[in-house]
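Q: The structure's right below; bear with me while I get my questions together.
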Amino acid sequence: MTVTGDKLPRMPFPRFGVLDIAPLSRTLQVTAPITPVRTPAGDVAWLVTGYSEVKALLADARLGRSHPDPQRAARFSASAILGGPSGDSTTEAADHAMMRRLLTPAFSARRMRVLRAHVTELVETLLDQLAGQGSPADLHEALSFPLPVQVICELLGVPYSDRDQFRIWSASAGNLSDREIATEGLKQLVDYMHELITHKRSHPGQDVISDLIAAQAAFRYGDEGIAGLAAALLFAGHETTVTRIDYGTLLLLTNPDQYDALRQQPDLVESAVEEILRMAAPGGGGLPRYAKDDIDLAGVTIRAGDAVLLNGVVANRDPATFTDPDRFDVTRVPNPHLSFGYGPRFCIGASLARVELHAVFTALPRRFPHLQLAVPLAKLQLRTDTFIGGFTALPVTW
Ligand code: HEM
Numbered sequence: 046m047t048v049t050g051d052k053l054p055r056m057p058f059p060r061f062g063v064l065d066i067a068p069l070s071r072t073l074q075v076t077a078p079i080t081p082v083r084t085p086a087g088d089v090a091w092l093v094t095g096y097s098e099v100k101a102l103l104a105d106a107r108l109g110r111s112h113p114d115p116q117r118a119a120r121f122s123a124s125a126i127l128g129g130p131s132g133d134s135t136t137e138a139a140d141h142a143m144m145r146r147l148l149t150p151a152f153s154a155r156r157m158r159v160l161r162a163h164v165t166e167l168v169e170t171l172l173d174q175l176a177g178q179g180s181p182a183d184l185h186e187a188l189s190f191p192l193p194v195q196v197i198c199e200l201l202g203v204p205y206s207d208r209d210q211f212r213i214w215s216a217s218a219g220n221l222s223d224r225e226i227a228t229e230g231l232k233q234l235v236d237y238m239h240e241l242i243t244h245k246r247s248h249p250g251q252d253v254i255s256d257l258i259a260a261q262a263a264f265r266y267g268d269e270g271i272a273g274l275a276a277a278l279l280f281a282g283h284e285t286t287v288t289r290i291d292y293g294t295l296l297l298l299t300n301p302d303q304y305d306a307l308r309q310q311p312d313l314v315e316s317a318v319e320e321i322l323r324m325a326a327p328g329g330g331g332l333p334r335y336a337k338d339d340i341d342l343a344g345v346t347i348r349a350g351d352a353v354l355l356n357g358v359v360a361n362r363d364p365a366t367f368t369d370p371d372r373f374d375v376t377r378v379p380n381p382h383l384s385f386g387y388g389p390r391f392c393i394g395a396s397l398a399r400v401e402l403h404a405v406f407t408a409l410p411r412r413f414p415h416l417q418l419a420v421p422l423a424k425l426q427l428r429t430d431t432f433i434g435g436f437t438a439l440p441v442t443w
């Protein structure tokens with residue numbers, strides 16, 4: 046993309062608070078839903094903030110993750126995960142289709158329904174421990190982090206006892222400012238998976254990594270490919286859900302009438318979880334893509350090779366789609382949010398994440414009806430150093 050001068054808005058845009066989207070994103074959504082910006086890496090990309098534009102581009106096969114000339118492609122950040130182009134531009138569509146065929150059965154809605162009772166038990170145990178520990182406590186450490194990590198470890202067949210190690214590696218892999226730290230973090234995560242694969246080849250279990258090894262030959266995947274997939278699943282499977290549990294709790298505690306409504310009518314949990322997914326605003330600039338062809342949309346032309354950031358968090362607050370978009374309403378239906386993406390890359394773990402979120406937000410109001418934040422909202426800070434964002438702590442009392 047050719048841009049003259051350097052008047053472009055630079056990301057990340059400042060926000061007033063952890064529950065708000067950046068005022069500049071809102072202005073752009075209304076005035077220029079597809080607009081050039083400077084990314085945190087200092088390069089130029091199109092930022093897309095309008096709901097209909099984000100949705101249309103998520104479904105558009107003319108956008109992908111790869112770039113024909115990766116060295117010259119604009120970068121989004123230093124992160125080793127989604128910070129720049131990935132994959133081979135000549136085989137991306139076929140590679141992606143194969144990856145989905147390989148992974149989708151492992152995370153089918155049916156398999157996740159079977160998992161529901163177990164996840165409910167895990168939540169009850171973690172809440173017993175939280176109650177036993179006494180008020181005040183850090184809900185992030187007591188619930189938001191251990192639940193998704195335990196679940197994804199069990200599903201993948203990764204020892205939960207190794208969590209302190211891969212917690213550090215995955216935070217490093219998502220580091221936004223230091224490419225060396227990010228690359229090293231990802232390498233350690235993938236190396237760890239290599240060792241695990243070697244072990245599981247002779248000691249297979251009832252888990253996704255063992256299933257991937259068994260399917261490896263049929264799909265012509267090398268160990269490198271399986272290790273990369275397993276590392277991506279471990280990363281995607283916990284960082285995102287952890288943040289949504291923190292955000293959901295925070296949204297409910299800062300809207301006590303909504304917390305009460307959910308406590309009194311537990312069957313609101315389905316719509317409450319969708320509303321939490323819609324409103325969670327953990328940061329990050331959006332889903333990265335590169336145009337394969339010229340695309341005309343909303344009065345602009347995105348040129349082949351241009352970098353594009355599809356910002357679902359801002360799109361989820363588009364007043365053209367959502368009435369009173371900044372209001373947190375646990376009864377909101379319909380709620381066509383884009384939090385799991387849309388189209389060919391729709392989140393493979395969406396059913397799993399929903400099972401976990403339903404279990405948490407069914408049990409929490411019942412077990413802790415008087416739950417409150419233990420610190421003023423303004424004291425809560427989002428991590429800005431990793432691309433997943435999210436909180437390091439969520440102090441609560443009851
Ligand atoms: C609330 C939690 C979660 C959120 C908000 C979330 C969000 C997303 C989004 C927005 C995408 C689309 C990426 C894109 O279009 O570029 C995605 C893809 C993906 N997610 Fe999730 N996710 C969550 C949980 C999970 C879990 C638990 C897993 C399971 C291990 C998972 C695995 C994946 C995978 C493998 C993809 C890649 C799909 C593809 O490229 O075709 N996610 N997720």
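Per this note's numbering, the sequence shown runs over residues 46 to 443.
For glycine and all other residues, C-beta sits at the position ideal for the given N, C-alpha and C.
Source: prediction; values computed, not measured.
(1) To the nearest angstrom, how far is it from the Cα of D371 to the Cα of R399?
(2) Relative to the C-alpha of V196, which candidate in R161, G230, N220 has its C-alpha closest?
(3) Who does G109 pair with in a DSSP beta bridge?
(4) Can you tell me whether I66 is helix, strand or coil according to DSSP?
(5) For Y237, which option in A259, P249, R212, D223 has the closest C-alpha, if you only look at C-alpha atoms?
(6) Which two residues bound the contiguous beta strand (DSSP E) that contains L355?
(7) Between the segment 116-131 and the segment 381-401, do three or more beta carbon pairs fall short of 8 Å?
(8) Output needed for S255: all residues of its chain with C-beta closer than 8 Å, excluding positions within five of it in sequence on either side, in chain order.
(9) DSSP three-state call for W214: helix, strand or coil?
(10) One question on the structure: do L439 and A90 come within less than 9 Å of each other, judged by their Cβ atoms?
(11) CB-CB under 8 Å to L234, same chain, minus the five flanking residues each way: which ones, in chain order?
(12) Compute the distance between the beta-carbons of S222 and D430, then report whether it is under 9 Å.
(13) Would you kindly report the start and end of the unbroken beta strand (DSSP E) that includes I340?
(14) Assign T94 to one of two classes, buried (16 or more other C-beta atoms within 10 Å of its C-beta) or exposed (fewer than that).
(15) Could you give the distance in angstroms between the alpha-carbon of S134 and the alpha-carbon of R110?
(16) When you measure from the CB of M17 to every non-hydrogen atom of ligand 1, does any distance come out below 8 Å?
(17) Using a Cβ-Cβ cut-off of 6 Å (strictly less than) and excluding sequence neighbours within five positions of A419, which residues of its own chain qualify?
(18) Counting beta carbon pairs with one atom in the segment 98-114 and one in the segment 335-349, are three or more of them shorter than 8 Å?
(19) According to the neighbour-count rule (16 or more other Cβ atoms, all chains shown, within 10 Å of its Cβ), is P289 buried or exposed?
(20) Pull the bridge partners of Q426 from the DSSP assignment, please.
(21) Leaving out the 5 sequence neighbours to the left and right, which residues in its chain are closer than 8 Å to Q426 when beta-carbon positions are compared?
(22) Spell out a yes or no on whether the segment 343-362 and the segment 307-320 are touching, meaning 3 or more CB-CB pairs, one atom from each, closer than 8 Å.
(23) How long is the line joining the alpha carbons of F61 and E240, rounded to whole angstroms?
(24) So, is the C-beta of I242 closer than 9 Å to a C-beta in chain B?
(25) In this structure, what does DSSP give as the bridge partners for I347?
(26) When burial is assigned at 16 or more other CB atoms within 10 Å of the CB, is H26 buried or exposed?
(27) Can you tell me whether G95 sits near ligand 1, meaning its C-beta is under 8 Å from at least one heavy atom of the ligand?
(28) Please name the residue, chosen from V99, A125, T84, R55, that lies closest to G273 on a Cα-to-Cα basis.
(29) By Cβ distance below 7 Å, which residues in the same chain neighbour A101 in space, the five residues on each side in sequence not counted?
(30) At the level of alpha carbons, what is the spacing between I433 and S189?
(31) Would the beta-carbon of V82 fall within 9 Å of that of P54?
(32) Hey, quick one: how far does the alpha helix (DSSP H) through T170 stretch, first residue to last?
(33) Measuring CA to CA, which of G344, G230, D369 is closest to T80?
A: So, from the data block:
(1) 22 Å
(2) R161
(3) Y335
(4) coil
(5) R212
(6) 352-355
(7) no
(8) G202, K245, P249
(9) helix
(10) no
(11) F211, W214, S215, A218, A276, L279, F280
(12) yes
(13) 340-342
(14) buried
(15) 8 Å
(16) Since the first residue of the chain shown is 46 and the last is 443, residue 17 is not available in this structure.
(17) P181, P440, V441, T442
(18) yes
(19) It is Arg, not Pro, that sits at residue 289 in the sequence shown. By the neighbour-count rule (16 or more Cβ atoms within 10 Å), R289 is buried.
(20) In DSSP, Q426 forms no bridge with anything.
(21) V63, F436, T437
(22) no
(23) 44 Å
(24) The displayed structure is made up of one protein chain only, and chain B is not part of it.
(25) I340
(26) Beyond the ends of the chain as shown, which are 46 and 443, falls residue 26; an answer cannot be given.
(27) no
(28) A125
(29) L342
(30) 14 Å
(31) yes
(32) 154-178
(33) G344
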